[in-house]
Amino acid sequence: MRQPGRFEDELETSFYFVSDIGVHTRMYKDKMFVHTASLKTGDALGGVELSVLDESGNTVVSGSVDSSGNAMLAYQLKAAHVLVARAGRNVSMVPFNQPALDLSDFAVAGRHESWFDVFAWSGRDLYRPGETVRMSALLRDNDGKPIKPQPLFATLKQPDGRLYAQEKLEPKELGYFEWSREIPADAPTGRWQVEFRLDPASKEATQSMSLRIEEFLPERMKLDLSAAQDQLKPGEALKLEVQGDYLYGAPAAENRFTARLTLSADVHPVETLKDYFFGDPLIELPKEAKDVIDGKLDAKGHLSEEVTLLDETKPAPVAAVLSGSLYETGGRTVTRTLKRTIWPAPELVGIRPLFDVEDGAGANGNASFELIRSNAAGDMLGGSNLKLTLVRELRDYHWIWDQESGWHFNYTESFENTEAREITIEAGKATRIDVPVQWGGYRIEVLDPATGLT
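Residue numbers for the sequence shown follow the working numbering, beginning at 77 and rising by one.
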């Protein structure tokens with residue numbers, strides 16, 4: 077401890093204030109915006125007196141904030157000045173010789189701020205060589221209000237950055253600009269840039285847009301895949317109806333049609349109950365898509381086909397996705413998909429976790445769920461004597477070594493039934509269950525005696 081007021085060269089000293097006034101400033105060309113807020117609550121703080129002092133301690137400008145904690149002072153920034161905010165015994169200071177806000181660790185990109193802006197748009201951003209690009213633009217100030225009419229310069233650049241075209245645009249009514257340019261048939265494909273400037277010599281564009289110039293062909297045929305079955309039973313074939321037509325009206329008579337079938341576990345088969353999980357997501361299904369149809373449409377562009385989806389019954393809902401392709405004469409295709417779900421029973425048990433599935437339930441506590449019985453239409457049905465089993469998945473890790481991988485770990489897996497109970501579900505309601513869990517992996521199995529499915 078030293079005597080107050082005595083400061084020697086070997087002592088490092090610092091002044092600090094204990095204050096509840098938080099001060100935020102924004103500097104403009106000849107104005108300064110000040111906002112004050114309570115550091116304790118974050119609420120706006122009114123009744124704060126403001127003053128800017130020069131290097132001699134003289135007041136340059138003063139004022140006070142309103143009830144919202146805001147004030148606008150006529151002031152031009154000088155590094156030697158300091159802003160002082162006072163409210164009762166609270167005093168806060170903002171020296172202007174310090175960095176306003178250090179953004180050196182952040183990537184700051186884009187054009188510099190300006191008092192005006194160009195709002196440009198196009199009907200589409202994809203064109204073919206030989207088509208005409210049409211652009212529209214509005215010239216506005218920072219508040220979106222029209223400004224004094226003046227010319228606007230539009231520049232079109234090729235994908236390699238070279239200038240392709242530049243044109244001076246004259247404003248129309250309400251500051252509206254319109255510009256069009258035909259893309260030559262031999263134009264290079266890729267991403268073209270349209271830039272707008274008030275000064276044609278400016279290196280920085282006020283506004284820019286990207287356009288894709290690509291050799292693409294629009295579809296010339298339409299393809300419709302349908303099936304009268306909303307869902308399928310085990311062993312039931314999908315009765316597929318195919319209709320192909322050219323867009324100008326003629327049927328795609330005798331055109332080739334192929335279809336591929338993909339199967340996957342459908343854990344959310346009920347559209348109105350997407351939060352509930354049904355069936356076993358780990359059932360074994362073919363991993364590769366299977367070619368199921370390769371034929372031709374008839375003279376009316378129609379094809380009826382029965383497609384066998386599963387060779388054996390699975391104890392869980394299975395999503396069957398049929399991807400059909402209709403071929404033009406030159407071999408180009410139009411592809412559409414059709415999805416149907418194979419229900420293993422008229423009613424299934426669904427379960428909804430009452431916690432974040434990705435984060436999991438907390439360890440050494442209770443994991444909560446809701447159980448329902450539902451049909452394919454989403455009707456919540458009742459059920460009794462449902463047997464619930466909580467299975468803990470145990471893993472014993474160990475080290476192994478081989479010549480290919482060296483030392484690495486592996487594990488042996490075992491399962492332990494930690495709890496079993498019978499559940500009754502009321503029609504139209506979900507039944508909540510809470511099960512105690514520790515750290516690690518668990519799974520819940522619910523056996524429905526009415527269907528024999530788990």
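Even for Gly, the Cβ is constructed at its ideal location relative to N, Cα and C.
Item to check | Segments assigned beta strand (DSSP E), at least 3 residues, entirely inside the stretch 379-420 | outcome: As far as the stretch 379-420 is concerned, its whole beta strand (DSSP E) runs of at least 3 residues are 394-403 and 409-418.
Next on the checklist: Let's test the definition: count the other Cβ atoms within 10 Å of the Cβ of N331 and tell me whether it reaches 16, buried, or not, exposed.
Outcome noted: Numbered from 1 along the sequence shown, position 255 holds the residue referred to as residue 331. Counting Cβ neighbours within 10 Å, N331 comes out buried, since at least 16 surround it.
Next on the checklist: When you compare the CB positions of T334 and E258, do they come within less than 9 Å of one another, or not?
Outcome noted: Taking the sequence shown and counting its residues from 1, one reaches residue 334 at position 258. Taking the sequence shown and counting its residues from 1, one reaches residue 258 at position 182. Cβ atoms of T334 and E258: not closer than 9 Å.
Checklist entry - Can you check whether the CB of S132 is closer than 9 Å to the CB of V160? => result As a working note, residue 160 is residue 84 in the sequence shown. As a working note, residue 132 is residue 56 in the sequence shown. No, the Cβ-Cβ distance between V160 and S132 is not below 9 Å.
Checklist entry - Among residues of its own chain, excluding the 5 on either side of E271, which ones have a beta-carbon nearer than 6 Å to its beta-carbon? => result To locate residue 271, count along the sequence shown from 1; it is residue 195. If we look at E271 and ignore the five residues flanking it on each side, its Cβ neighbours are T231, A281 and S284.
Item to check | Whole-angstrom C-beta distance between V425 and D510, which should lie under 8 Å | outcome: Locating residue 510 in the sequence shown gives position 434, counting from the first residue. Locating residue 425 in the sequence shown gives position 349, counting from the first residue. Going by Cβ atoms, the distance from D510 to V425 rounds to 17 Å, so no, they are not a contact pair.
Next on the checklist: Taking the beta carbon of R449 as the centre, do at least 16 other beta carbons fall within 10 Å, making it buried, or is it exposed?
Outcome noted: Counting from 1 along the sequence shown, the entry for residue 449 is found at position 373. Here R449 is buried, its C-beta having at least 16 other C-beta atoms within 10 Å.
Checklist entry - Helix, strand or coil: which one does DSSP assign to L349? => result As a first step, residue 349 must be located in the sequence shown, where it is residue number 273. DSSP places L349 in coil when its eight states are reduced to three.
Checklist entry - How is L250 classed by DSSP in three states: helix, strand or coil? => result As a first step, residue 250 must be located in the sequence shown, where it is residue number 174. Helix.
Checklist entry - Under 9 Å, do Y352 and E446 count as touching if we go by C-beta distance? => result Position 276 of the sequence shown, counting from 1, holds the residue named residue 352. Position 370 of the sequence shown, counting from 1, holds the residue named residue 446. Yes.
Checklist entry - What did DSSP end up calling E521 once you bin it into helix, strand or coil? => result Position 445 of the sequence shown, counted from the first residue, corresponds to residue 521. The answer is strand: DSSP assigns E521 an E or B state.
Checklist entry - Are R336 and V368 touching if we call contact CB-CB under 9 Å? => result Start at 1 with the first residue of the sequence shown, and residue 336 comes out as number 260. Start at 1 with the first residue of the sequence shown, and residue 368 comes out as number 292. Cβ distance < 9 Å, so R336 and V368 count as in contact.
Item to check | Collapsed DSSP secondary structure at R332 in the structure displayed | outcome: As a working note, residue 332 is residue 256 in the sequence shown. DSSP places R332 in strand when its eight states are reduced to three.
Next on the checklist: Once the 5 residues before and after E502 are set aside, which same chain residues still bring their CB inside 7 Å of it?
Outcome noted: In the sequence shown, residue 502 corresponds to position 426, counting from 1. Once the five neighbours on either side are set aside, the close Cβ partners of E502 are G458.
Item to check | Runs of beta strand (DSSP E) lying entirely within the stretch 419-465, each at least 3 residues, in chain order | outcome: Those beta strand (DSSP E) runs which fall completely within the stretch 419-465 and span 3+ residues are 424-429 and 441-450.
Checklist entry - Does the Cβ of M103 have 16 or more other Cβ atoms within 10 Å, making it buried, or fewer, making it exposed? => result As a first step, residue 103 is located in the sequence shown; it is residue number 27 there, counting from the start. Looking at its Cβ environment, which holds fewer than 16 other Cβ atoms inside 10 Å, M103 is exposed.
Next on the checklist: I'd like to know whether the C-beta atoms of P422 and T527 end up nearer to each other than 9 Å.
Outcome noted: Sequence index remark: in the sequence shown, residue 422 carries index 346 (1-based). Sequence index remark: in the sequence shown, residue 527 carries index 451 (1-based). When the beta-carbon positions are compared, P422 and T527 come within less than 9 Å of each other.
Checklist entry - Which residues bound the beta strand (DSSP E) around W536? => result No information on residue 536 is available, as it lies outside the stretch 77 to 530 that the chain covers here.
Checklist entry - Should V522 be labelled buried (16 or more other beta-carbon atoms within 10 Å of its own) or exposed? => result Taking the first residue of the sequence shown as 1, we reach residue 522 at position 446. It is buried - the Cβ of V522 has at least 16 other Cβ atoms within 10 Å.
Checklist entry - If you drop the 5 nearest sequence neighbours on each side, which residues of the same chain put their C-beta closer than 8 Å to that of G454? => result Walking along the sequence shown from the start, residue 454 turns up at place 378. Cβ-Cβ distances below 8 Å link G454 to V346, E347, T348 and L349 in the same chain, with the five nearest sequence neighbours on each side left out; the list follows chain order.
Checklist entry - With C-beta atoms as the reference, is L339 less than 9 Å away from A395? => result If you number the sequence shown from 1, residue 339 lands on position 263. If you number the sequence shown from 1, residue 395 lands on position 319. In this structure, L339 lies near A395, with their beta-carbon atoms less than 9 Å apart.
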